[in-house]
Structure formats: C-alpha cells, structure tokens
Amino acid sequence: MLFDDEPARKGSSWSHLEGLHPHSSVSERLDAIAFTVFRAYHCTDMSRHQQRLYSSGPRVTELIHIQSPVLRSALQAVATYIPGDDFSQTWNLTTPHVFISHHRDALLNRARQEGESCMEDLKHLFEYVYTKWADPILTLERLTKAGNIDAKRLPWLYKPNEMIISIVKGVPTAYVLKSDPSWNEELTGITLECWAWDYNGFLLQRKGHELFVATPSNSDPTPIRNLSAYPLRFATKEVKDSVLARGRKYWGLRYQHHVSYLGWDAKGDRNQMHARLSNLQKIPPKF
C-alpha cells in the first residue's frame, strides 16, 4: 500500500505501518518521467514465511513502472512474451529484469525507429538496469554469448514462447515453452512447461509436455548444448535444419487424406477394402 503521508505504527496491537491518505499510483502525478522504481522492504520476522512462500524462485525486491508512452510503445512492439500476467495493465517490470536483457537489441532497433524521445527514455532505463543489476544480467549475457550457462542463472536462459530442443531417443525434438521456468522442490533443477503438436488420429492439436533440466553439478559454466533441453537459438545449423525440414513435412500432412486399397486384414482371413488412412499415421510426430 502507498500513502501520500508518512506511515506510522497504528495502535499497540498492530505490527505494521499505516498512513492516513492512501494513494494507488504515485506515477500518475509524474507525467514527465520515463519510469518509476518501487522498492519493497520486508520485516525481519517474516523472513521464514517469505522463504517458504518464494521457494520456487527469486523474491521480488523491486519493480519498475514504465510511465513513458513512447517507451511503452517500444516494449509492446518488440516483446516476444509478457513479463507477468498483468503487464499490459500495470506496465510493471519485476526483478531481476532479464526481460530487458532478452529484448535488448530489439528495443534499441525499435527506439531508433521511434525517434529521439524514445531513445532518450530507453537510455535511462538501460543505464539503471545495467547499473543496479549489473552482476546478474551482464554475467548472463557474457555466459550465453560464449554458449555457456551456470547453475545460478539457469532459469534466465529460457524465454517463454521460444522453441526448445530436447533429444528424444536420439532425435532432436522441438517444443514451445509456455511460461517462465520454475525450480523443483529439491532445487536440483528446473521444470519447463511446454507444448508441441500432436496427432490424435483425426487432426493436429497442442499437447502439453513437461521437461526437466537438471542443475549443472559443477561450479564452472556448462555448455548450453549439454543441457537436456535448451533454446533452439543455441542449436547447431544441422539441428536447426533437421527440425525445420521435419516440421514442414509434418505440417504439410496435417490434414487427413482418404486412401483406399484392397488387401488382407490383420488376421489374413479376408481380402477386403480398407479406407480412411491418414498420411500422418506414417510419420512419428517429432515437431
């Protein structure tokens, strides 16, 4: 809760601070700014509860509210995923701000198209993020540029809506990541909620898949391609070409084809007409 006046402790039995004049959004009064940073301060006696509550991921210690209309337009234009369920309503970016890192080059290109005002606002946003969060973000970019990742930054490697490659029975298989990765209860790895096209005998439909990526056991950076599932952008050209070729072939046969032929049944007792055979049944769904 935000207050216009300075909050104070209310009553002897209350353990929290409260002001007299609540206010829902400070940024509404600051039209000239590009963004506002809100930081959360937690009471020490809540630490154990908070640790249990946020065991599946990092705690949110601050958020950036995007105020600039041109900056909002640029973010909306280049975003390949939504950083939070209510981002389009709140325009709030939460820590550790890897969304900015994931879209860095696209934002720069968009800002150049939008003009000087957008470029100026973006410069200030980058200056804050890459100064305040320099260690996690710059280390992530340095590792991934070299094709590596470490255990601490493993979840930040993945972007929702991007294609994931996993080797299934020796064959590179493509999936689409649906949401941000989450740590498992034992913190031994992350779970990727994905989907892939599946044929049910009549048509193609999306089928959910859950992939598990174990945390690298050593402290040194691990090659991204050594992970059990990794983003397609880090795959070799050979893997990309293989997945694309198989995907195009599979998609081209997505509609059922009527085929009739005369032949013996499974028991070999009757020589009869067989019909309604789909071409997709001949191709195992790997895309």
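Counted from 1, the sequence shown has number 33 at position 33 by full-length UniProt numbering; the numbering is strictly sequential.
The beta carbon of each residue, even a glycine, is placed where N, CA and C say it ideally should be.
- Per DSSP, reduced to three states, the secondary structure at S101 is helical.
- Bounds of any alpha helix (DSSP H) do not take in Y230; it lies within the beta strand (DSSP E) bounded by 229 to 231.
- With a cut-off of 8 Å on Cβ pairs, the segment 209 to 224 is not in contact with the segment 119 to 139, counting fewer than three such pairs.
- Counting other Cβ atoms within 10 Å of its Cβ, D180 reaches 16 or more and is therefore classed as buried.
- In the DSSP annotation of this structure, the continuous segment of the beta strand (DSSP E) that includes R39 starts and ends at 35 to 39.
- The three-state reading of DSSP puts I167 in strand, counting E and B together.
- The segment 219 to 236 and the segment 146 to 162 touch, with no fewer than 3 CB-CB distances between them shorter than 8 Å.
- For the pair A235 and T144, the Cα-to-Cα distance works out to about 12 Å.
- Judged by DSSP in its simplified three-state form, I82 adopts coil rather than helix or strand.
- Using a Cβ distance threshold of 9 Å, L227 and E210 do not count as a contacting pair.
- A straight line joining the alpha-carbon of D121 with that of N92 spans about 16 Å.
- Here F126 carries a helix assignment [DSSP, helix/strand/coil].
- In summary, S88 is exposed, with fewer than 16 beta-carbon neighbours lying within 10 Å of its beta-carbon over all protein chains present.
- Counting along the chain, K145 sits inside the alpha helix (DSSP H) bounded by residues 134 to 145.
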